[in-house]
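Everything on this sheet refers to the single structure shown next.
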Amino acid sequence: MNPLIATSDNGLVLTEHGLHIKRQLNFEEWRGILQQARIAKQSYLCVLADLTSYGRRTFGDDSVNEALEQLEFEMSDATKAETISLVPMDRRAKYGLTSEHAYVLGSLLREPADREKWAALCQEHDLSAFELKRSIEKGEVLHESDISERSGHGEGIHSIQAVAFQWQKWQRRFPDRKAILGIPEAERRKILQHISPIVEMAAELEQSLQHLN
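What follows is the structure, given as C-alpha coordinates:
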(Lines of atoms letter the chains of each structure in order from A and count residues from 1; the text may use other names and numbers.)
(Lines give C-alpha, C1' and ligand atoms only; values in the text may rest on other atoms or scores of the structure.)
Protein backbone atom coordinates (compact mmCIF):
# COMPACT_ATOMS: atom_id res chain seq x y z
CA MET A 1 0.00 0.00 0.00
CA ASN A 2 1.76 3.16 -1.20
CA PRO A 3 1.59 6.30 0.94
CA LEU A 4 0.18 9.42 -0.67
CA ILE A 5 2.24 12.55 -1.22
CA ALA A 6 4.11 13.54 1.94
CA THR A 7 5.06 17.17 2.37
CA SER A 8 7.24 17.38 5.48
CA ASP A 9 10.95 17.55 4.57
CA ASN A 10 10.98 16.07 1.09
CA GLY A 11 11.01 19.32 -0.87
CA LEU A 12 7.35 19.10 -1.91
CA VAL A 13 4.71 21.54 -0.71
CA LEU A 14 1.08 20.73 -1.48
CA THR A 15 -1.08 23.87 -1.61
CA GLU A 16 -4.65 24.66 -2.61
CA HIS A 17 -3.32 25.85 -5.98
CA GLY A 18 -1.04 22.92 -6.77
CA LEU A 19 2.20 21.14 -5.93
CA HIS A 20 5.32 23.27 -5.40
CA ILE A 21 8.47 21.26 -6.21
CA LYS A 22 11.40 22.78 -4.29
CA ARG A 23 14.18 20.36 -5.23
CA GLN A 24 15.43 18.37 -8.20
CA LEU A 25 13.60 15.08 -8.71
CA ASN A 26 14.95 12.06 -10.53
CA PHE A 27 12.69 10.30 -13.00
CA GLU A 28 11.65 7.51 -10.61
CA GLU A 29 10.71 10.03 -7.91
CA TRP A 30 8.74 12.11 -10.41
CA ARG A 31 6.93 9.04 -11.75
CA GLY A 32 6.13 7.86 -8.23
CA ILE A 33 4.59 11.23 -7.32
CA LEU A 34 2.60 11.16 -10.57
CA GLN A 35 1.25 7.74 -9.59
CA GLN A 36 0.36 9.02 -6.13
CA ALA A 37 -1.57 11.91 -7.67
CA ARG A 38 -3.64 9.40 -9.65
CA ILE A 39 -4.23 7.32 -6.52
CA ALA A 40 -5.27 10.44 -4.61
CA LYS A 41 -7.92 11.21 -7.21
CA GLN A 42 -9.28 7.65 -7.23
CA SER A 43 -9.26 7.27 -3.45
CA TYR A 44 -10.68 10.68 -2.46
CA LEU A 45 -13.98 9.35 -1.08
CA CYS A 46 -12.24 6.49 0.73
CA VAL A 47 -9.78 8.93 2.31
CA LEU A 48 -12.68 11.17 3.36
CA ALA A 49 -14.45 8.12 4.79
CA ASP A 50 -11.44 7.16 6.90
CA LEU A 51 -10.86 10.75 8.06
CA THR A 52 -14.45 11.31 9.12
CA SER A 53 -14.61 7.87 10.76
CA TYR A 54 -11.47 8.64 12.78
CA GLY A 55 -12.80 12.09 13.64
CA ARG A 56 -16.10 10.74 14.95
CA ARG A 57 -14.31 8.18 17.13
CA THR A 58 -11.81 10.71 18.44
CA PHE A 59 -13.58 14.08 18.56
CA GLY A 60 -17.28 13.21 18.37
CA ASP A 61 -20.03 13.76 15.82
CA ASP A 62 -20.65 17.44 16.58
CA SER A 63 -17.02 18.41 15.99
CA VAL A 64 -16.83 16.46 12.74
CA ASN A 65 -20.11 17.82 11.40
CA GLU A 66 -19.04 21.36 12.26
CA ALA A 67 -15.66 20.90 10.56
CA LEU A 68 -17.25 19.49 7.41
CA GLU A 69 -19.61 22.44 7.25
CA GLN A 70 -16.91 25.04 7.93
CA LEU A 71 -14.61 23.53 5.30
CA GLU A 72 -17.54 23.52 2.84
CA PHE A 73 -17.46 19.86 1.89
CA GLU A 74 -20.14 18.80 -0.57
CA MET A 75 -22.99 17.17 1.33
CA SER A 76 -23.15 14.37 -1.25
CA ASP A 77 -19.45 13.58 -0.71
CA ALA A 78 -19.82 13.58 3.07
CA THR A 79 -22.86 11.30 2.85
CA LYS A 80 -21.12 8.86 0.50
CA ALA A 81 -18.07 8.86 2.76
CA GLU A 82 -20.23 7.88 5.74
CA THR A 83 -21.56 4.91 3.79
CA ILE A 84 -18.13 3.88 2.52
CA SER A 85 -16.77 3.94 6.08
CA LEU A 86 -19.04 0.97 6.86
CA VAL A 87 -16.54 -1.09 4.86
CA PRO A 88 -13.23 -0.84 6.77
CA MET A 89 -10.05 0.03 4.89
CA ASP A 90 -8.49 -3.40 5.48
CA ARG A 91 -11.53 -5.02 3.82
CA ARG A 92 -11.33 -2.61 0.87
CA ALA A 93 -7.64 -3.42 0.48
CA LYS A 94 -8.10 -7.19 0.91
CA TYR A 95 -10.73 -7.45 -1.83
CA GLY A 96 -9.47 -4.66 -4.12
CA LEU A 97 -12.60 -2.56 -3.72
CA THR A 98 -13.00 0.90 -5.21
CA SER A 99 -14.95 3.62 -3.43
CA GLU A 100 -17.89 2.77 -5.72
CA HIS A 101 -17.78 -0.89 -4.67
CA ALA A 102 -17.60 0.06 -0.99
CA TYR A 103 -20.51 2.49 -1.39
CA VAL A 104 -22.67 -0.24 -2.91
CA LEU A 105 -21.81 -2.67 -0.10
CA GLY A 106 -22.43 -0.07 2.59
CA SER A 107 -25.70 1.19 1.16
CA LEU A 108 -27.32 -2.14 0.27
CA LEU A 109 -26.17 -4.46 3.06
CA ARG A 110 -26.71 -4.02 6.80
CA GLU A 111 -24.64 -6.90 8.22
CA PRO A 112 -20.81 -6.92 8.11
CA ALA A 113 -20.88 -10.65 7.31
CA ASP A 114 -22.99 -9.99 4.21
CA ARG A 115 -20.62 -7.22 3.10
CA GLU A 116 -17.69 -9.60 3.55
CA LYS A 117 -19.45 -12.28 1.51
CA TRP A 118 -20.24 -9.97 -1.40
CA ALA A 119 -16.82 -8.32 -1.28
CA ALA A 120 -15.27 -11.76 -1.77
CA LEU A 121 -17.68 -12.55 -4.63
CA CYS A 122 -16.91 -9.19 -6.18
CA GLN A 123 -13.21 -9.99 -6.24
CA GLU A 124 -13.71 -13.59 -7.36
CA HIS A 125 -15.93 -12.66 -10.31
CA ASP A 126 -14.28 -9.30 -11.09
CA LEU A 127 -17.56 -7.38 -10.78
CA SER A 128 -17.91 -3.71 -11.59
CA ALA A 129 -19.74 -1.56 -9.04
CA PHE A 130 -22.84 -1.64 -11.28
CA GLU A 131 -22.68 -5.44 -11.59
CA LEU A 132 -22.21 -5.74 -7.82
CA LYS A 133 -25.28 -3.61 -7.18
CA ARG A 134 -27.47 -5.63 -9.51
CA SER A 135 -26.07 -8.91 -8.18
CA ILE A 136 -26.88 -8.00 -4.57
CA GLU A 137 -30.39 -6.89 -5.58
CA LYS A 138 -31.02 -10.19 -7.39
CA GLY A 139 -29.22 -12.38 -4.86
CA GLU A 140 -26.93 -13.97 -7.46
CA VAL A 141 -23.78 -13.03 -9.33
CA LEU A 142 -24.62 -11.21 -12.55
CA HIS A 143 -22.39 -9.72 -15.22
CA GLU A 144 -23.41 -6.87 -17.48
CA SER A 145 -24.31 -9.26 -20.31
CA ASP A 146 -26.72 -11.09 -17.97
CA ILE A 147 -28.23 -7.82 -16.78
CA SER A 148 -28.81 -6.63 -20.36
CA GLU A 149 -30.52 -9.88 -21.33
CA ARG A 150 -32.83 -9.84 -18.29
CA SER A 151 -33.75 -6.19 -18.65
CA GLY A 152 -35.58 -6.82 -21.94
CA HIS A 153 -36.09 -4.22 -24.64
CA GLY A 154 -36.60 -1.29 -22.28
CA GLU A 155 -32.85 -0.72 -21.95
CA GLY A 156 -32.57 -0.55 -25.71
CA ILE A 157 -35.12 2.25 -25.89
CA HIS A 158 -33.13 4.32 -23.42
CA SER A 159 -29.97 3.67 -25.46
CA ILE A 160 -31.64 4.79 -28.68
CA GLN A 161 -32.84 7.96 -26.98
CA ALA A 162 -29.26 8.62 -25.90
CA VAL A 163 -28.07 8.16 -29.50
CA ALA A 164 -30.77 10.56 -30.74
CA PHE A 165 -29.73 13.12 -28.14
CA GLN A 166 -26.10 12.94 -29.26
CA TRP A 167 -27.20 13.25 -32.90
CA GLN A 168 -29.20 16.38 -32.17
CA LYS A 169 -26.30 17.78 -30.18
CA TRP A 170 -23.95 17.18 -33.12
CA GLN A 171 -26.38 18.76 -35.61
CA ARG A 172 -26.55 21.96 -33.56
CA ARG A 173 -22.92 22.58 -34.45
CA PHE A 174 -24.10 23.57 -37.93
CA PRO A 175 -26.50 26.45 -38.68
CA ASP A 176 -28.24 24.49 -41.45
CA ARG A 177 -27.86 21.52 -43.84
CA LYS A 178 -25.93 23.58 -46.36
CA ALA A 179 -23.23 24.11 -43.76
CA ILE A 180 -22.83 20.33 -43.39
CA LEU A 181 -22.64 19.92 -47.17
CA GLY A 182 -19.96 22.58 -47.28
CA ILE A 183 -17.41 20.88 -45.06
CA PRO A 184 -14.36 19.23 -46.74
CA GLU A 185 -14.96 16.13 -48.85
CA ALA A 186 -12.91 13.83 -46.62
CA GLU A 187 -14.99 14.81 -43.58
CA ARG A 188 -18.24 14.30 -45.48
CA ARG A 189 -17.11 10.78 -46.46
CA LYS A 190 -16.34 10.00 -42.81
CA ILE A 191 -19.78 11.22 -41.73
CA LEU A 192 -21.44 9.14 -44.43
CA GLN A 193 -19.46 6.08 -43.38
CA HIS A 194 -20.58 6.47 -39.76
CA ILE A 195 -24.27 7.15 -40.38
CA SER A 196 -24.87 4.67 -43.23
CA PRO A 197 -25.65 1.75 -40.88
CA ILE A 198 -28.18 3.93 -39.06
CA VAL A 199 -29.85 4.92 -42.32
CA GLU A 200 -29.98 1.30 -43.45
CA MET A 201 -31.56 0.20 -40.17
CA ALA A 202 -34.10 3.02 -40.39
CA ALA A 203 -35.07 1.86 -43.90
CA GLU A 204 -35.51 -1.73 -42.70
CA LEU A 205 -37.64 -0.62 -39.76
CA GLU A 206 -39.78 1.54 -42.04
CA GLN A 207 -40.29 -1.38 -44.43
CA SER A 208 -41.25 -3.72 -41.55
CA LEU A 209 -43.96 -1.26 -40.47
CA GLN A 210 -45.49 -0.64 -43.90
CA HIS A 211 -47.80 -3.67 -43.75
CA LEU A 212 -49.22 -2.35 -40.48
CA ASN A 213 -50.50 0.89 -42.04
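Using my numbering, the first residue of the sequence shown is number -7, and each one after it goes up by one. Note that beta-carbon positions come from the ideal geometry of N, C-alpha and C, so glycine has one too.
Asked                                                                                                          : Found
Local Cβ density within 10 Å of Trp162, reported as buried at 16 or more and exposed below that                : exposed
With 16 other Cβ atoms within 10 Å as the buried cut-off, status of Thr44                                      : buried
Per-residue DSSP class, three states only, for His12                                                           : strand
Per-residue burial, Leu124 [other beta carbons within 10 Å of its own, 16 or more giving buried]               : buried
Cβ neighbour criterion (16 or more within 10 Å) applied to Leu119                                              : buried
For Ser35 and Ser91, believed in contact at Cβ under 8 angstroms, the rounded distance                         : 7 angstroms
Enclosing alpha helix (DSSP H) for Thr71 [first to last residue]                                               : Met67 to Ile76
Residues near Leu134 in its chain [Cβ-Cβ closer than 7 angstroms; skip 5 each side]                            : Glu123, Arg126 and Ser127
Cβ distance (whole Å) where Leu89 is taken to contact Cys114 below 8 angstroms                                 : 7 angstroms
Range covered by the alpha helix (DSSP H) that runs through Leu100                                             : Ser91 to Leu100
Limits of the beta strand (DSSP E) - the one that Val5 falls within                                            : Leu4 to Thr7
Inter-stretch contact at 8 angstroms, needing at least 3 Cβ pairs: the stretch 67 to 82 / the stretch 38 to 52 : yes
Euclidean distance between Cα positions of Arg49 and Glu58                                                     : 15 angstroms
Member of Met193, Trp110, Pro189 and Gly3 whose CA lies at the smallest distance from the CA of Lys14          : Gly3
Whole alpha helix (DSSP H) elements within the stretch 14 to 66, 4-residue minimum                             : 19 to 34, 36 to 51 and 53 to 62
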